[in-house]
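This report refers to the structure that appears directly beneath it.
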Amino acid sequence: MPQPSTQPAGLLVDGTTSRARPLLPRIPLPPEAELDSYSMTAAGEIMDHATRALIARMTAGLSPAALWATWADWAIHLATSPGKQSQLASKALRKAIRLQRYAASCAFSHAADEPCIEPLAQDRRFRHESWQKPPFNLIYQSFLLTQQWWHNATTGVRGVTPGHERAAEFAARQVLDIFSPSNFIATNPELLERTRDELGQNLVRGAQNLVEDLDRMAAGKPPVGAEDFRVGLDVAVTPGKVVYRNRLIELIQYAPATDKVRPEPILIVPAWIMKYYILDLSPANSMVRYLTERGFTVFMISWRNPSPEDRDLGMEDYRKLGPMAALDAIGGICPGQKVHAVGYCLGGTLLSIAAAAMARDGDDRLQSISYFAAQSDFSEAGELMLFISESEVTFLEDMMWEQGFLDAKQMAGAFQLLHSNDLIWSRMLRVYLMGERDPMNDLMAWNADTTRMPFRMHSEYLRKLFLDNELSAGKYEVEGRPVALGDIRVPVFAVGTETDHVAPWRSVFKVHQQTDGEVTFVLTKGGHNAGVVSEPGHPRRHYRIDMRTHDMNHRSPDEWLQKATLREGSWWPAWCDWLEARSGEPATPPGLGFAAEPGLPDAPGTYVLMT
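Each residue of the sequence shown is one higher than the one before, starting from 24 at the first, in this note's numbering.
This is the structure:
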């Protein structure tokens, strides 16, 4: 366990910054002068940290320097591209003419021509039939044409770095979303009709909703309705017992639901950015319950919610105290049995690190590995990379340096911006102007039950994995030695989801390039959470599946998509069939809590209840 540093805040124990660069050249000085110089340097570092932390709080963790660099890169290259400027001017003129023709058609005929532009498939703001009537059809068509023009303006400018181009297009889209005609009473026909029909009562209810939400936010209370989903009573109710505990995890063993079970237990490593019970929600959609009913012994890691005192916990601590400690505990309960390891999201990334280190060291306790929406190559990590640059990470580090952790509320803004139409503006329209509240469900309540991220761990995660992509490059070190994902030889089952904005499926698909062994890949309908929590019987679900054996050539994601088999329904049964085919014959279940420390509680334990 790493000991707290005795060096001044802002420095690592070897006197370097987090990027392993000396703060100042080492000039020989008399002892007294060297001490004074060191103290001045440390004091300056503390001042820098505090200043940037203050700015980060004011900007919700976004770096003004990164925003300025993005704008400057785009503006300078556009200013020196007269050809691009002429193209944009021509596009603007053509769009204006198209809109005028459409307006004339609407004015002189009852049936207007086809719209100038159709909304994107995922844009649901203008689907109501009232948007097709004048003048609102002209308003939303003008908006969509403007949106398209700005997309053209912020992309395809020669010389702009790819990262800055994506950020510029994203920033323009966010500003335009603010001024969407769907957000205002005067320009939203659906809202006008509702207000007229209800004589403004929808606005009264919306104001009441706003006051209630602000009150709950100020008091630190969960959203309305979340209190109906209590952990251990309404969700996370699969019977089990905590069989091991350390300062970072509680390990839960679930009670068998069949007379005989497969001898190889399942260990699930969830992400610590979320609480584990997303995989044990209500009984009807609990993956844990489904696995036990299919005849498996299931173990689950429940992560402790870190406090400021845990600021120095790093990725290595999470590996040792997480999956490695859990494997040791499982070995005492199921002696001699190999383990089916499962990693979800960030937990899957940690599992891949642990598995690579185990393979390097000759530790063969794993029978198979399953990854759910988990990345180990971050070169194409999706729109989250918009918020991850040297400048952005530095601002986050300074904010965490002051707090000791990154709070979930400080992370939520970035995730919401990725889908601002659905998660911000459409919700505000529905709740505060329409006066409607979506009924709370177990997944929404779980999403509101947030956690924190320790300073050192999150800094290492962002720098080593996102910025430097060390794991994919074979440069990530465990116990001072690099690990290689190619050393993993056990069968792999990987799941990507079609609309995942956290771990895009094409990024998850890169697992094929990182191992020469057997890989079964599933692409399922849904997003990062709903695509994984996709129980049998869930309506309107489908998935694609295909397996690559060790003697097959590599395929691109598009080639895989063409060849994979499309199936209706949930992917859970196919996964359990895959596990069963790689397991022994059913036998008597191990004792619940056998060899566990005395005094440990029943499931769901105590760590999951920490706020």
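Glycine included, each C-beta is placed from N, C-alpha and C at the ideal position.
query                                                                                                                                                               : result
Quick one: Cα of Glu620 to Cα of Thr177, how far?                                                                                                                   : 60 Å
I'd like the list of long-range same chain contacts for Thr29, defined as Cβ closer than 7 Å, with 5 residues on each side in sequence excluded.                    : For Thr29, the predicted structure reports a pLDDT of 39, less than 50, and the residue's modelled location is therefore unreliable. A value from the coordinates is still provided. There are no such residues.
Use the C-beta contact count for Met575: other C-beta atoms within 10 angstroms, 16 or more gives buried, fewer gives exposed.                                      : exposed
State buried or exposed for Trp91, treating a residue as buried only when at least 16 other CB atoms are found within 10 Å of its CB.                               : exposed
Check the DSSP bridge columns for Thr543 and list the partner residues they point to.                                                                               : Phe516, Met570
Rounded to a whole number of angstroms, what is the C-alpha to C-alpha distance between Gly359 and Ser414?                                                          : 49 Å
Please classify Lys118 as buried or exposed, where buried requires at least 16 neighbouring CB atoms within 10 angstroms.                                           : buried
Just list the alpha helix (DSSP H) runs in the segment 180-265, keeping only unbroken ones of 4 residues or longer that don't cross its boundaries, in chain order. : 185-201, 212-220, 224-242
What separation, rounded to the nearest whole angstrom, lies between the Cα atoms of Phe202 and Met457?                                                             : 18 Å
Going along the chain, which residues of its own chain have a beta-carbon closer than 7 Å to the beta-carbon of Glu213, five neighbours each way excluded?          : His151, Ser153
Enumerate, from N- to C-terminal direction, the unbroken alpha helix (DSSP H) stretches of 4 or more residues contained entirely within the segment 341-369.        : 348-356
In chain order, what residues of the same chain lie with their CB nearer than 8 Å to the CB of Arg590, ignoring the 5 residues before and after it?                 : His565, Tyr566, Arg567, Ile568, Ala597
When you compare only the Cα positions, how much space is there between Trp97 and His187?                                                                           : 7 Å
Nearest-angstrom Cα distance between Phe395 and Phe428?                                                                                                             : 26 Å
Using DSSP with H/G/I as helix, E/B as strand and the rest coil, what is Ile120?                                                                                    : helix
Could you say which of Leu101, Gly179, Thr210 lies nearest to Pro157 if we only look at CA atoms?                                                                   : Thr210
Rounded to whole angstroms, how far is the Cβ of His442 from the Cβ of His524, which I believe are closer than 8 Å?                                                 : 6 Å
Would Gly708 be called buried (16 or more neighbouring beta carbons within 10 Å of its own) or exposed?                                                             : Here the chain has residues from 24 to 634 only, and residue 708 is not among them.
Please confirm whether Phe636 and Asp465 have their CB atoms less than 8 Å apart.                                                                                   : Any question about residue 636 goes unanswered here, given that the chain covers just 24 to 634.
What is the DSSP secondary structure of Trp172, counted as helix, strand or coil?                                                                                   : helix
Output needed for Met338: all residues of its chain with C-beta closer than 7 Å, excluding positions within five of it in sequence on either side, in chain order.  : Met480, Glu483, Tyr484
Per DSSP, His565 forms a beta bridge with which residues?                                                                                                           : Glu591
For the putative contact between Leu623 and Arg268, defined by C-beta atoms under 8 Å, what is the C-beta separation to the nearest angstrom?                       : 6 Å
Would you report the Cα separation of Tyr300 and Thr320, rounded to the nearest angstrom?                                                                           : 17 Å
What residues in its chain sit with their C-beta under 7 Å from that of Gln170, if we drop five residues either side in the sequence?                               : Leu199
For a quick check, are the C-beta atoms of Gly371 and Pro609 less than 8 Å apart?                                                                                   : no
For my contact list, Leu101 and Gln110 are in at a C-beta cut-off of 8 Å; report their separation, rounded to the angstrom.                                         : That pair is no contact at about 11 Å.
Below 8 Å, how does it come out for the segment 394-409 and the segment 533-549: are there three or more Cβ pairs, yes or no?                                       : yes
Would Ala404 pass as a contact of Ser530 if the rule is Cβ separation under 8 Å?                                                                                    : yes
Hey, how far is the Cα of Glu420 from the Cα of Arg80?                                                                                                              : 12 Å
Sorted by chain position, which residues of the same chain lie with C-beta nearer than 7 Å to Gly628's C-beta, five sequence neighbours on each side aside?         : Val265, Glu273, Ile275, Ser325
By the three-class DSSP mapping on this structure, what secondary structure does Glu273 have?                                                                       : strand
Looking at C-alpha atoms only, which residue of Ser449, Leu161, Glu316 is the closest neighbour of Asn206?                                                          : Ser449
Establish whether the CB of Asp136 and some CB of chain B are separated by less than 8 Å.                                                                           : Of the chains in the structure shown, none is chain B; there is only one protein chain.
Given a cut-off of 8 Å on the beta-carbon distance, is the pair Cys368 and Ala526 in contact?                                                                       : yes
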